[in-house]
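Below you'll find the structure, written out as structure tokens, and then a few comments.
Residue numbers (our numbering), protein chains in the order written: chain A, 5 to 258; chain B, 8 to 294.
Encoded structure:
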């Protein structure tokens with residue numbers, strides 16, 4: 005595949021009058037798993053929202069698979085940050101997952117048995133099938149995250165944009181998400197994640213984009229995630245918990 | 008016979024309010040529902056002035072336009088970072104409502120609207136304003152209007168149920184799936200406006216808020232799915248109407264207000280029962 009699944013050119017975004025991002029350009033290879041890294045408030049989530057057209061761009065251009073997002077929205081699945089959802093909403097797990105099929109349905113249509121079968125498969129892949137009839141408020145944070153990932157999976161997109169899927173989840177969920185990444189990679193899908201844990205970057209991702217209001221670097225993990233670039237991104241302060249030099253090496257899974 | 012017309016009208020009005028109320032409560036838009044229920048008054052008054060007589064069709068069109076204008080203007084004001092969302096709502100609907108009241112006062116001779124009635128409604132008078140077909144009286148105008156709006160609500164929400172569900176649960180997700188969020192938002196605001204118009208005769212601008220918010224909030228406490236929440240909201244609405252009517256007859260008091268009191272009472276009762284059952288519930292969650 006020669007067409008880049010996601011190309012961002014000279015993007016600038018604002019929150020009210022405050023500039024958040026400026027001059028961000030990058031291009032990612034098809035079938036890669038990409039981590040967007042940067043300190044808190046660097047504009048990582050804003051960047052994802054800008055790419056998805058959920059927040060206005062001041063400037064710049066986003067193309068997915070060589071075209072405009074609006075012409076191929078269903079090819080791009082978005083997983084919002086977990087705390088941007090109303091988890092007290094009276095809805096069951098199955099219904100949330102089926103929302104991934106909504107884009108494929110006309111407004112008067114109900115999900116079919118095929119849609120339900122797809123939703124069950126997706127829940128199975130994330131070890132959440134036994135919870136399909138639970139109300140979402142009765143789930144743990146990690147389980148809620150897995151429901152959202154299953155939702156994205158049934159959309160059958162080619163590009164997955166996830167906002168901090170690993171934030172505040174248990175070990176089981178982390179494993180399930182990594183398992184999902186493997187499935188998606190086998191299917192030549194591209195994954196872009198806002199990520200916060202530098203220790204796991206090399207293990208889970210093969211490409212990194214570092215931002216701090218502007219683009220610091222974008223490239224393969226091995227050559228890009230250097231102490232110098234990390235220091236530049238995080239303003240000289242190394243984020244807590246990072247064991248430089250003892251970073252886990254990719255274990256060959258990616 | 009009059010009692011039946013009053014009850015039937017109240018029941019339909021409460022049902023419409025319960026259905027759209029669920030969607031408002033879930034989207035944390037109760038205050039916007041409040042706003043629209045007040046600013047549609049201006050739409051109704053303008054419809055009177057333009058048509059020169061009472062016309063249900065014109066009233067509905069005027070109310071919907073004013074409801075959408077309220078929602079739109081509120082959003083526009085919110086774009087200014089110095090205006091909080093509740094402030095923008097509060098500014099728009101109070102001034103629209105005030106303008107409506109001023110117009111009623113100026114054109115008192117031409118508008119068959121009474122300020123008291125606009126605020127509180129008077130459902131006891133509903134049976135006296137009837138639709139006449141030839142020689143035959145077909146029953147109160149307010150009843151037919153309430154029935155028409157209830158059917159519109161049922162059909163629109165029923166057909167686009169999945170869209171309304173997704174919109175209520177996660178507007179950003181809906182947007183990311185390419186759904187037209189502004190369109191469905193406007194559709195909901197249209198339903199709220201229509202529902203309010205149909206409720207004006209019966210319960211007035213203030214109590215319609217009670218019917219929009221309270222049964223839906225009670226249902227929110229007990230329901231585990233959107234369908235169930237709508238079902239429960241309908242049940243709470245009907246119970247409020249029946250008990251409220253009984254209370255009004257017993258105390259010889261205002262019917263609409265008694266319905267509002269009962270709706271609030273049922274919400275408190277539900278909360279109290281849940282509190283009593285709570286120790287058990289928390290044990291269940293732990294297991």
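Every residue gets a Cβ at the ideal spot worked out from N, C-alpha and C, and that includes glycine.
Residue range 63 to 67 is occupied by the beta strand (DSSP E) that includes residue 65/A, with no alpha helix (DSSP H) assigned at that position. In this structure, the beta-carbon distance from residue 70/A to residue 14/A does not fall below 7 Å. For residue 19/A, the secondary structure class from DSSP, reduced to helix, strand or coil, is strand.
Against chain B, the beta carbon of residue 96/A has neighbours under 8 Å at 231, 232, listed in chain order. Relative to the Cα of residue 51/B, the nearest Cα in the group 238/B, 206/B, 230/B, 14/B belongs to 206/B. One Cα belongs to residue 200/B, the other to residue 187/A, and the distance between them is close to 48 Å.
With respect to chain A, the C-beta atom of residue 88/B has a partner C-beta closer than 7 Å.
Between residue 218/A and residue 26/A the beta-carbon gap is near 5 Å, inside 8 Å, which marks them as a contact. Remark: C-beta atoms of residue 82/A and residue 98/A do not approach each other more closely than 7 Å. Interface with chain B (7 Å Cβ-Cβ cutoff): residue 20/A is included. Rounded to whole angstroms, the gap between the alpha carbons of residue 234/B and residue 108/B is 38 Å.
By the criterion of a C-beta distance shorter than 6 Å, residue 210/B is surrounded in its chain by 128, 263, once the five residues flanking it on both sides are discounted. Counting only runs of 4+ residues, the alpha helix (DSSP H) found wholly inside the segment 16 to 86 of chain B occupies 37 to 58, 63 to 85, in chain order. Residue 55/B places its beta carbon less than 7 Å from that of residue 118/B. Residue 220/A and residue 214/A have their C-alpha atoms spaced approximately 5 Å apart.
Ranked by Cα distance from residue 107/A, the first of 255/B, 21/B, 184/B, 12/B is 184/B. Per DSSP, reduced to three states, the secondary structure at residue 96/A is strand. With respect to the C-alpha of residue 238/B, the residue from 140/B, 13/B, 11/B, 30/B having the closest C-alpha is 30/B. By the neighbour-count definition (other C-beta atoms within 10 Å, threshold 16), residue 143/B is an exposed residue. Going by DSSP, residue 118/A is part of no beta strand (DSSP E) but of the alpha helix (DSSP H) stretching over 117 to 129. Annotation: residue 229/A to residue 12/A spans about 20 Å, alpha carbon to alpha carbon. Any Cβ of chain B closer than 7 Å to the Cβ of residue 89/A would place that residue at the interface, and such an atom is present. Taking C-beta separations shorter than 7 Å and ignoring five residues to either side along the sequence, the partners of residue 224/A in its chain run 210, 211, following chain order.
Under the Cβ criterion of 7 Å, residue 135/A is not counted among the residues facing chain B. Per the C-alpha coordinates, the member of 33/A, 49/A, 153/A, 7/A positioned closest to residue 19/A is 49/A. Residue 184/B belongs to the set of residues whose beta carbon lies under 7 Å from a beta carbon in chain A. Residue burial annotation: residue 172/B is buried, with at least 16 other C-beta atoms found within 10 angstroms of its C-beta. Under the DSSP definition of a beta bridge, residue 165/A partners with 82/A, 196/A. Neighbourhood of residue 148/B in chain A, by CB distance below 9 Å: empty, with the nearest CB roughly 32 Å away.
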